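A.B. asks: Numbering (my numbering), first residue to last: 53 to 648.
All C-beta atoms in this analysis are idealised placements derived from N, C-alpha and C, irrespective of residue type, glycine included.
If you're wondering where the values come from, they're calculated on a predicted model, not measured in any experiment.
Please read through the structure below; I'll follow up with questions.
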């Protein structure tokens with residue numbers, strides 16, 4: 053019997069922290085119901101009549117009821133976590149007493165650290181036996197108490213999940229009550245300190261600026277100008293269609309943007325903004341400020357940019373970047389790619405197999421359910437892997453709890469030879485991808501090779517090769533990125549940082565934008581190492597006939613490497629698979645690209 057029977061090796065402080073968090077959630081939910089009721093009275097008591105009013109009030113009542121219920125459920129979880137922590141502390145105290153009762157009995161430690169008592173007489177033997185028996189009883193009583201708390205929490209969580217399911221569609225942008233059809237024109241209404249614009253159906257273009265002379269907020273919808281007094285909170289609700297809402301960078305105005313059906317493009321400025329993408333495949337950029345963003349349903353791309361943001365991908369397979377600031381990022385359902393960027397971030401993968409990257413800073417990562425791949429990045433990080441077949445790439449000093457596979461990575465700085473040109477937002481966004489690659493075994497090998505080739509180029513330190521990353525912009529082919537070589541060792545990558553869905557000869561494939569950047573790096577690798585596959589493809593893939601072999605080579609797809617149709621096509625042996633797009637995708641746990 054080992055000494056471990058007397059030591060619970062508990063993490064009771066984490067139970068305390070969890071109880072505190074759940075109690076805070078309960079308080080927030082209970083207060084939110086009062087806020088909803090107070091806010092709704094402003095419109096319900098203002099003479100609003102009709103079916104929509106009745107539907108709204110029914111929705112309000114249901115929401116307030118469930119907010120109160122959620123507050124009670126959160127309080128129940130907090131209470132049982134506190135009880136569990138107390139039970140553990142009491143049990144450990146009683147175990148310490150039993151250990152103290154036999155501490156004078158001689159012991160022998162085996163080669164594996166196992167402990168054997170060596171009592172000198174019958175009295176000491178009895179004392180050891182009694183202490184072990186009592187320790188077993190203490191542990192048994194603790195198990196019973198913890199089982200009761202565990203059962204209560206499990207029942208509460210089931211009710212919590214039922215609430216979550218009931219409101220999931222609304223949270224992801226579905227109409228919460230019976231709304232009238234979108235009007236053909238623009239509607240505007242002022243309620244208290246809010247001015248609400250409804251753009252109506254169609255593909256709308258909205259811009260919000262500040263008049264520097266008057267301080268008024270200028271809302272331009274499809275060319276029509278509306279002026280809103282300073283201090284009013286502007287809410288824009290776009291209707292059906294693919295809409296574009298823009299607040300220019302640096303414009304310090306707090307706005308709320310509510311997306312709807314369609315693939316919307318929303319970019320806010322320097323205020324503390326709230327954005328709900330709604331259904332559709334949306335792109336949202338939060339700008340500066342402490343923003344709250346949910347992509348809603350669909351495959352969404354969310355970039356919080358600077359500020360302490362709260363970002364959620366919603367349902368669907370989403371891409372979410374926090375970037376500068378201490379961000380809280382959740383993936384929701386589906387396969388999500390979450391990148392914290394700079395700052396002390398908190399990432400939660402949620403349901404589904406996800407890829408999570410803490411970035412720089414002291415981050416906390418929760419994998420959730422599913423088979424997750426996590427990169428801690430630089431900083432003192434903590435990972436809770438969750439359930440599933442998880443892999444974590446971490447520094448030696450990082451704390452990793454759970455998970456089936458831990459790979460210790462010695463992080464390196466991003467090579468200074470790689471230059472990034474463009475706006476501060478673009479540079480920060482690319483920097484996050486480069487830091488991810490510096491945390492990845494495959495990425496490190498790629499960066500090392502590129503830096504080595506640049507360092508070894510030129511003569512006596514002059515005329516060295518260059519590698520520059522710039523922002524991709526081509527209105528005629530917007531969903532693309534490119535790599536080029538001028539023939540003199542000057543390599544340029546034009547990168548679309550929001551490209552997370554690729555059109556291929558055999559249909560679309562999802563994946564994080566960093567896989568696109570890696571594909572272009574693979575081209576630069578071939579330029580620098582003189583391994584560029586010549587000619588066009590005419591192999592077994594019917595969807596890629598005539599595709600340049602260099603593209604399939606960079607993607608990590610088989611090519612006819614020897615110009616002999618009678619031999620099987622293979623991955624180009626001159627280009628290591630690890631240094632291809634699919635090589636990185638495999639490490640990330642991202643979908644495989646079957647075609648170019």
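Our contact map puts residue 394 next to residue 376 with C-beta atoms below 8 Å; I'd like the distance itself, whole angstroms only.
C.D. replies: 5 Å
A.B. asks: For the segment 147 to 165 and the segment 82 to 95, state whether three or more C-beta atom pairs, one from each stretch, are separated by less than 8 Å.
C.D. replies: no
A.B. asks: When the Cα atoms are used, what is the spatial distance from residue 562 to residue 406?
C.D. replies: In a straight line, the C-alpha of residue 562 is about 13 Å away from that of residue 406.
A.B. asks: Comparing C-alpha positions only, which one of 328, 599, 72 sits nearest to residue 221?
C.D. replies: 328
A.B. asks: For residue 317, count neighbouring C-beta atoms within 10 Å of its own C-beta (all shown protein chains included) and say buried if the count is 16 or more, exposed if not.
C.D. replies: buried
A.B. asks: Name the two residues that bound the continuous alpha helix (DSSP H) containing residue 562.
C.D. replies: Per DSSP, residue 562 belongs to no alpha helix (DSSP H); it is in the beta strand (DSSP E), 559 to 562.
A.B. asks: Looking at the C-beta of residue 617, does it have a partner C-beta in chain B at a distance below 8 Å?
C.D. replies: No chain B is part of this structure, which consists of one protein chain only.
A.B. asks: Could you tell me if residue 459 is buried or exposed, where buried requires 16 or more neighbouring beta carbons within 10 angstroms of its beta carbon?
C.D. replies: Burial check for residue 459: the Cβ neighbour count within 10 Å stays below 16, so the residue is exposed.
A.B. asks: Give me the residue from 492, 541, 471 with the minimum Cα distance to residue 510.
C.D. replies: 541
A.B. asks: Using 8 Å as the Cβ pair cut-off and three pairs as the minimum, do the segment 624 to 636 and the segment 410 to 423 touch?
C.D. replies: no
A.B. asks: Assign residue 514 to one of three DSSP states: helix, strand, or coil.
C.D. replies: strand
A.B. asks: Would you say residue 641 and residue 385 are within 8 Å of each other, going by their C-beta atoms?
C.D. replies: no
A.B. asks: State the start and end residues of the unbroken alpha helix (DSSP H) segment that holds residue 285.
C.D. replies: Counted as a single uninterrupted DSSP element, the stretch harbouring residue 285 is not any alpha helix (DSSP H) but the beta strand (DSSP E) occupying residues 285 to 289.
A.B. asks: By the 10 Å Cβ neighbour count, where 16 or more other Cβ atoms means buried, how is residue 74 classified, buried or exposed?
C.D. replies: buried
A.B. asks: Measuring straight from C-alpha to C-alpha, what distance separates residue 319 and residue 297?
C.D. replies: 6 Å
A.B. asks: Kindly indicate which three-state DSSP category residue 418 falls into: helix, strand or coil?
C.D. replies: strand
A.B. asks: Does the beta-carbon of residue 607 have 16 or more other beta-carbons within 10 angstroms, so that it is buried, or is it exposed?
C.D. replies: buried
A.B. asks: What distance in whole Å lies between the Cβ atoms of residue 332 and residue 313, which are believed to be in contact at a cut-off of 8 Å?
C.D. replies: With a Cβ gap of about 6 Å, residue 313 and residue 332 count as contacting.
A.B. asks: If I'm right that residue 573 touches residue 486 with Cβ under 8 Å, what's the distance once you round it to whole angstroms?
C.D. replies: Beta-carbon to beta-carbon, residue 573 and residue 486 are separated by about 10 Å, too far to satisfy the 8 Å threshold.
A.B. asks: May I ask which residues mark the beginning and end of the beta strand (DSSP E) holding residue 355?
C.D. replies: 353 to 355
A.B. asks: Spatial neighbours of residue 452 within its chain, please: C-beta separation below 6 Å, excluding the five flanking residues on both sides.
C.D. replies: If we look at residue 452 and ignore the five residues flanking it on each side, its Cβ neighbours are 435, 444, 446, 458.
A.B. asks: What is the C-beta distance between residue 291 and residue 250, in whole angstroms, given that I count them as a contact (C-beta under 8 Å)?
C.D. replies: 7 Å
A.B. asks: Going by the CB atoms, is the gap between residue 578 and residue 603 shorter than 8 Å?
C.D. replies: No, they are not a contact pair.
A.B. asks: So for residue 181, helix, strand or coil by DSSP?
C.D. replies: Here residue 181 sits in helix by DSSP.
A.B. asks: Taking only runs that begin and end inside the segment 312 to 357, name each unbroken alpha helix (DSSP H) of 4 or more residues, in chain order.
C.D. replies: Positions of the alpha helix (DSSP H) runs, each at least 4 residues long and wholly inside the segment 312 to 357, cannot be given because no such run exists.
A.B. asks: Pick helix, strand or coil for residue 581, following the three-state DSSP scheme.
C.D. replies: Residue state for residue 581 is assigned as helix, using DSSP reduced to three classes.
A.B. asks: Nearest CA to the CA of residue 484: which residue from 441, 566, 646?
C.D. replies: 566
A.B. asks: Beta-carbon within less than 7 Å of residue 82's beta-carbon, same chain only, minus the 5 sequence neighbours each way: which residues are those?
C.D. replies: 120, 123
A.B. asks: Drop a sphere of 10 angstroms on the beta-carbon of residue 622, count the other beta-carbons inside from all chains shown, and report buried for 16 or more, exposed for fewer.
C.D. replies: exposed
A.B. asks: Look up residue 547 in the DSSP assignment and give the residues it is bridged to.
C.D. replies: 523
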